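Asker:
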Amino acid sequence: MFKGVLFDLDGVITDTAEYHYQAWKLLAKELGITIDRDFNESLKGVSREDSLKLILNHGDQTNKYTLEECARLAEKKNHYYLSTIQSIGPKDVFPGILALLQELKAHQVKIGLASASKNGPFLLEKMALTSFFDTVADPAKVPFGKPAPDIFIAAAKGLNIQPEECIGIEDSKAGIQAIIKSRALPIGVGTTKELGANIPLVTKTDQLTYDYLHNTWNSHHD
Ligand code: UVW
Ligand code: MG
Numbered sequence: 182m183f184k185g186v187l188f189d190l191d192g193v194i195t196d197t198a199e200y201h202y203q204a205w206k207l208l209a210k211e212l213g214i215t216i217d218r219d220f221n222e223s224l225k226g227v228s229r230e231d232s233l234k235l236i237l238n239h240g241d242q243t244n245k246y247t248l249e250e251c252a253r254l255a256e257k258k259n260h261y262y263l264s265t266i267q268s269i270g271p272k273d274v275f276p277g278i279l280a281l282l283q284e285l286k287a288h289q290v291k292i293g294l295a296s297a298s299k300n301g302p303f304l305l306e307k308m309a310l311t312s313f314f315d316t317v318a319d320p321a322k323v324p325f326g327k328p329a330p331d332i333f334i335a336a337a338k339g340l341n342i343q344p345e346e347c348i349g350i351e352d353s354k355a356g357i358q359a360i361i362k363s364r365a366l367p368i369g370v371g372t373t374k375e376l377g378a379n380i381p382l383v384t385k386t387d388q389l390t391y392d393y394l395h396n397t398w399n400s401h402h403d
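Heads up: the sequence shown begins at 182 in this note's numbering, then just goes up one per residue.
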């Protein structure tokens with residue numbers, strides 16, 4: 182049986198994926214670059230710094246800015262993003278997530294956060310979810326971001342268990358790849374168009390019940 186669940190935050194626990202998109206769209210517009218929702222799929226789960234690089238590439242501005250200027254642009258995006266997440270609270274937790282966290286606790290399953298966002302701990306506090314998490318992996322301390330497996334490996338380590346003993350839950354392609362490489366069992370939140378047809382998927386977070394996780398785990402470990 183699985184001993185831990187490693188959660189992505191943006192787009193799995195709450196709808197910050199949308200706020201990230203709006204903040205990037207605003208910054209990109211200032212740089213003369215247009216991004217749409219399709220392109221945004223490639224930013225999901227990707228660190229702030231790497232997202233900026235992808236946007237500059239997308240606008241044929243790959244080497245236009247110095248490292249220092251890039252750092253300032255990334256900070257500006259974070260400023261836009263932070264101004265929209267201040268009012269997030271328990272009401273914004275996606276359907277079924279609080280119930281799942283409670284069920285996992287009741288079954289003594291350990292819970293970790295494996296988010297690329299440096300704002301993860303702030304958001305957990307805002308949503309009153311901090312006490313459920315046995316570990317929050319620090320994205321600033323892992324060598325490589327998603328799709329590398331590092332953040333999921335770090336989260337499993339923070340729980341004192343192996344990634345192979347964990348389920349990872351993600352809404353991004355980069356995140357699913359990271360989970361697979363870590364050797365945890367992935368569950369995707371999204372469509373086959375977004376995440377592929379070869380992994381277990383739910384379209385809505387309220388399908389993420391303990392029973393669903395349990396059955397999914399058993400069907401992959403017989
Ligand atoms: C990501 O880049 C995913 O998050 P943040 O900008 O909140 O660190
Ligand atoms: Mg996500």
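Beta carbons are placed, not taken as given, at the ideal position from N, Cα and C, and that holds for glycine.
Values in this document were obtained by computation on a predicted structure and should not be read as measured data.
1. Looking at the unbroken beta strand (DSSP E) that takes in Leu224, where does it start and where does it end?
2. Is any heavy atom of the ligand MG found at a distance shorter than 7 angstroms from the C-beta of Val193?
3. Starting from the C-beta of Tyr261, find all residues in its chain whose C-beta is less than 7 angstroms away, skip the five residues before and the five after it, and write them out in chain order.
4. Buried or exposed: which applies to His201, given that a residue is buried once 16 or more other Cβ atoms fall within 10 Å of its Cβ?
5. For the alpha helix (DSSP H) that Leu190 lies in, which residues bound it at each end?
6. From Gly192 to Arg218, what distance separates their C-alpha atoms?
7. Does Thr129 come out as helix, strand or coil in the three-state DSSP assignment?
8. Given 7 angstroms as the limit, tell me if Asn221 has its C-beta closer than that to any heavy atom belonging to the ligand UVW.
9. Straight-line CA distance for Asn341 to Ser296?
10. Give the DSSP-derived three-state secondary structure of Leu279 in the structure shown.
11. Can you grab the Cα-Cα spacing for the pair Ile214 / Thr197, in whole Å?
12. Could you tell me if the beta carbon of Asp387 falls within a distance shorter than 7 angstroms of some heavy atom in the ligand MG?
Answerer: According to the structure data:
1. It is not in any beta strand (DSSP E) - Leu224 carries neither H nor E in the DSSP assignment.
2. Checking every heavy atom of the ligand MG against the Cβ of Val193, one is found closer than 7 angstroms.
3. Ala204, Leu207, Leu208
4. buried
5. Where Leu190 is concerned, there is no enclosing alpha helix (DSSP H), given that its DSSP letter is neither H nor E.
6. So the alpha carbons of these two residues sit roughly 14 angstroms apart.
7. What the structure shows of the chain is the stretch from 182 to 403, and residue 129 is not part of that stretch, so it cannot be assessed.
8. no
9. 18 angstroms
10. helix
11. 22 angstroms
12. no
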